[in-house]
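Participant:
There are 2 protein chains.
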Amino acid sequence: MKVIELTPPYLIFLGDVKDPTYAKTGAGLAQWRPEQCLGQLSLVDDGIDLGLPTLSIAEAAEQGVRSLIIGTASIGGGIPDSWLPTLLQAVEAGLEIVAGVHSTLASHPLLSAAARAAGTRLVDVRVPPAGIPVATGKKRSGLRLLTVGTDCAVGKKYTALALERAMCEAGFNARFRASGQTGIMITGEGMPIDSVVADFISGAAELLSPANSPDHWDVVEGQGCLTHPGYAAVSTGLLLGSQPDAFVVCHEAGRTHISGWEDFPLAPIAEVIERTVAVGAITNPTIRCVGISVNTSRLAADEIPDYLQELEAELGLPCFDPLREIPQALLDSLQAMTVTTTAKEATS
Amino acid sequence: MKVIELTPPYLIFLGDVKDPTYAKTGAGLAQWRPEQCLGQLSLVDDGIDLGLPTLSIAEAAEQGVRSLIIGTASIGGGIPDSWLPTLLQAVEAGLEIVAGVHSTLASHPLLSAAARAAGTRLVDVRVPPAGIPVATGKKRSGLRLLTVGTDCAVGKKYTALALERAMCEAGFNARFRASGQTGIMITGEGMPIDSVVADFISGAAELLSPANSPDHWDVVEGQGCLTHPGYAAVSTGLLLGSQPDAFVVCHEAGRTHISGWEDFPLAPIAEVIERTVAVGAITNPTIRCVGISVNTSRLAADEIPDYLQELEAELGLPCFDPLREIPQALLDSLQAMTVTTTAKEATS
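This is the structure in structure tokens:
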């Protein structure tokens, strides 16, 4: 196993959480992979409702659920004692437990003893797999698109998922590749790139999007941004290892500074494009920007079309709100790249 | 403790190694910190001689040695059984053991049990300290110089040590800051930056060169290079966290490709300068290149002056062989920066 892999189908565990902002993982799963979510389980009557059937552990096991996914964050980041009886019951029923909590499942003495006894796995999606090599930089067959950002938390994961969906609907051979814990839980596999040891970041990115058929697109979830004072190293390593042929810049309309680092203004989108090409060209000289994805949540509905049109005029690239639509012009340019690449590989 | 710290004075342990290329750490210590090396200990008659007095463990302990430093690499990277009796004797005599081996000292059952019993430390210089934060990007007082490279293993550590020595001799308030295991062993403290988890690389670099008096120079040992397909993420994170005011580009004359990645030509020095400024300016807008350090080991002695003069004419910067001399022009420009900075901090 070279990347983290989960075992579907899932029961989404929501703990005793009532505030939906703490249930992003569960909500993401229900939105993007509903076919793999057989049910939900909340410990409280007025808990979060993802619109899935409510199942007990016994019912879930009976219906073929293979993994319980902890779909909420707890205050403090650990496993509250009030969750334990349910998690232990799931382990005893042979379910794997999946979590992205800070203190790992594996370090919990009761859970790890129970999992050993039951012969089932505890999957900590923040813990990278062992044996990640240093990146080779060698070109791999197949095509890759990376979502990059003007900051953290601007919609890189959402954009990549929306692109995968639109590409598959348009007949592309495309697959989302998760580089963060929520993405890994949504898609069932991936690489927690920000938890990898420094020397191996680009090697981890190479594992995440392995060689594939010439017409295949990996749509890689980006992390951080190249101008981030804290996280730019992660973004750099992911970019070099992903070797993207195409990238989409993700931006939140109205954001002016790096969130949490208010002394640092956001780089203009044109500068982000320039920096991404400068670094990305080291491992893929033909890298190019194919579009701008805008998180428009701070804009009024009637401001959105003007905002996108002005940006499009300024940058000469398709600009879009991924909640609304993936523009045909972007899909067309990816299609043209697919044709060129498959023709080149067929004659080489 | 925020960075790794060793306890001098030292006994340099050379194992049963006979080939000096495997004793770089020991040789570096004897060269750069002779006053802290009370002796050497080899297990074989025709072993490596660093020119230090030969001491048994008992003699070393008697003379006040506090740490045994493993100054050689073993074949395989671990602790050979033939070394164990001596290391255990050192632990029992209360010495700390320091190593940069791949399989850690702490994971060796006999050594770790003996160290616990004797109440002494095993120091693995590849293991970063706990609790490294994400970088803040906030400007710290004091001045910083970083050695960057056109590749790995071109003389970044050597150049930084030679700069520290020349600066101190010229009356600067300067200190070498080690970012790799050999440098940490030589200087007795530092941060193994390539072993830090991705999210914390720049934070680790911030810890390595903390706030200091306005006239103080940290001379930070660089790692990798910004165009390296495997290690650029480490170089990027170290550059952003170090926030250097000045940098020196290190290059090996005659090297044409990234060593071990032969598909990747070296970037020209001018491009390395440009990329270093572009990234470094994110956290320090006044960053600038102050010189080029050339490893001339592949050149004939009579080729060296011409090579350096041509480079100097091309780049308009002091170009030097750090084995020979640190140019006065470089020291002068650092002195001018010191004056400007201390004057600015005095009036602010």
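Chains as they are written, first to last, in my numbering: chain S, 1 to 348; chain E, 349 to 696. All C-beta atoms in this analysis are idealised placements derived from N, C-alpha and C, irrespective of residue type, glycine included. Note that the coordinates shown come from a computational prediction; the quantities given were computed from them, not determined experimentally.
1) Can you give the Cα-Cα distance for residue 207 of chain S and residue 132 of chain S, rounded to whole angstroms?
2) Using only CA atoms, which one of S:307, S:38, S:172, S:272 lies nearest to residue 148 of chain S?
3) So with Cβ pairs under 8 Å, would you call residue 543 of chain E a contact of chain S?
4) Give a yes or no on whether 8 Å exceeds the smallest Cβ distance from residue 230 of chain S to chain E.
5) Using Cβ-Cβ distances below 8 Å, what residues of the region 480-504 of chain E are close to chain S?
6) Using a Cβ distance threshold of 8 Å, determine whether the region 10-26 of chain S contacts the region 39-55 of chain S, with at least three qualifying pairs required.
7) Ignore the nearest five residues each way along the sequence and tell me which others in residue 468 of chain E's own chain have a CB closer than 7 Å to its CB.
8) Residues of chain S with CB under 9 Å from residue 556 of chain E, in chain order?
9) Three or more beta-carbon pairs under 8 Å between the region 234-254 of chain S and the region 578-590 of chain E, yes or no?
10) List, in order along the chain, the chain S residues whose C-beta lies closer than 7 Å to that of residue 549 of chain E?
11) Is the region 172-191 of chain S in contact with the region 316-328 of chain S, if contact means three or more CB pairs nearer than 8 Å?
12) When you compare each of E:355, E:392, E:604 to residue 470 of chain E by their alpha carbons, which one comes out closest?
13) From residue 322 of chain S to residue 162 of chain S, what distance separates their C-alpha atoms?
14) Give every residue of the same chain whose Cβ lies closer than 6 Å to the Cβ of residue 422 of chain E, excluding the five residues on either side of it in the sequence, and list them in chain order.
15) Identify which residue in S:135, S:144, S:288, S:23 has its Cα closest to the Cα of residue 199 of chain S.
16) Taking Cβ-Cβ distances below 7 Å as the criterion, which residues of the region 452-481 of chain E are in contact with chain S?
17) Cα separation between residue 403 of chain E and residue 436 of chain E?
18) Check whether the region 600-620 of chain E and the region 556-571 of chain E are in contact - that is, three or more C-beta pairs closer than 8 Å.
19) Residues of chain S with CB under 7 Å from residue 609 of chain E, in chain order?
20) Compare the beta carbon distance of residue 641 of chain E and residue 530 of chain E with 8 Å and say whether it is the shorter of the two.
21) Give every residue of the same chain whose Cβ lies closer than 8 Å to the Cβ of residue 577 of chain E, excluding the five residues on either side of it in the sequence, and list them in chain order.
22) Our contact map puts residue 567 of chain E next to residue 524 of chain E with C-beta atoms below 8 Å; I'd like the distance itself, whole angstroms only.
23) Measuring alpha carbon to alpha carbon, tell me which of E:543, E:426, E:372, E:411 ends up nearest residue 386 of chain E.
24) If you drop the 5 nearest sequence neighbours on each side, which residues of the same chain put their C-beta closer than 7 Å to that of residue 170 of chain S?
25) With burial defined as no fewer than 16 other Cβ atoms inside 10 Å of the residue's Cβ, what is the status of residue 103 of chain S: buried or exposed?
26) Using beta-carbon positions only, say whether residue 239 of chain S and residue 179 of chain S come within less than 8 Å of one another.
27) Just to confirm, is the Cβ distance from residue 11 of chain S to residue 65 of chain S under 8 Å?
28) Going by the DSSP bridge assignment, what does residue 218 of chain S pair with across the sheet?
29) Between the alpha carbons of residue 245 of chain S and residue 329 of chain S, how many angstroms are there, rounded?
30) Helix, strand or coil for residue 513 of chain E, going by three-state DSSP, please let me know.
31) Output, in sequence order along the chain, the residues in the region 410-441 of chain E whose CB is closer than 9 Å to any CB in chain S.
32) Label residue 44 of chain S either buried or exposed according to how many other C-beta atoms from any shown protein chain fall within 10 Å of its C-beta, with 16 as the threshold for buried.
33) Quick one: grab the DSSP three-state call for residue 548 of chain E.
34) Measure how close the beta-carbons of residue 71 of chain S and residue 14 of chain S come, nearest whole angstrom, since I'm counting them as under 8 Å.
35) Taking Cβ-Cβ distances below 7 Å as the criterion, which residues of the region 583-594 of chain E are in contact with chain S?
36) Does the beta carbon of residue 54 of chain S sit closer than 8 Å to a beta carbon anywhere in chain E?
Facilitator: Looking at the coordinates:
1) 8 Å
2) Comparing Cα positions, the closest option is S:272.
3) yes
4) yes
5) Here the close residues are 482, 483, 484, 485, 486.
6) yes
7) 439, 442, 443, 444
8) Those within 9 Å of residue 556 of chain E in chain S number zero; the least Cβ separation is about 13 Å.
9) yes
10) 198, 233
11) no
12) E:355
13) 6 Å
14) 428
15) For the residues S:135, S:144, S:288, S:23, the minimum Cα distance to residue 199 of chain S belongs to S:135.
16) none
17) 16 Å
18) no
19) Here the neighbours are 137.
20) no
21) 606, 609, 612
22) 5 Å
23) The shortest C-alpha separation from residue 386 of chain E is found at E:411.
24) Same-chain partners within the cutoff: 331.
25) exposed
26) no
27) yes
28) S:144, S:175
29) 17 Å
30) In the three-state reduction of the DSSP assignment, residue 513 of chain E falls in the helix class, which pools H, G and I.
31) none
32) exposed
33) helix
34) 6 Å
35) 584, 585, 588
36) no
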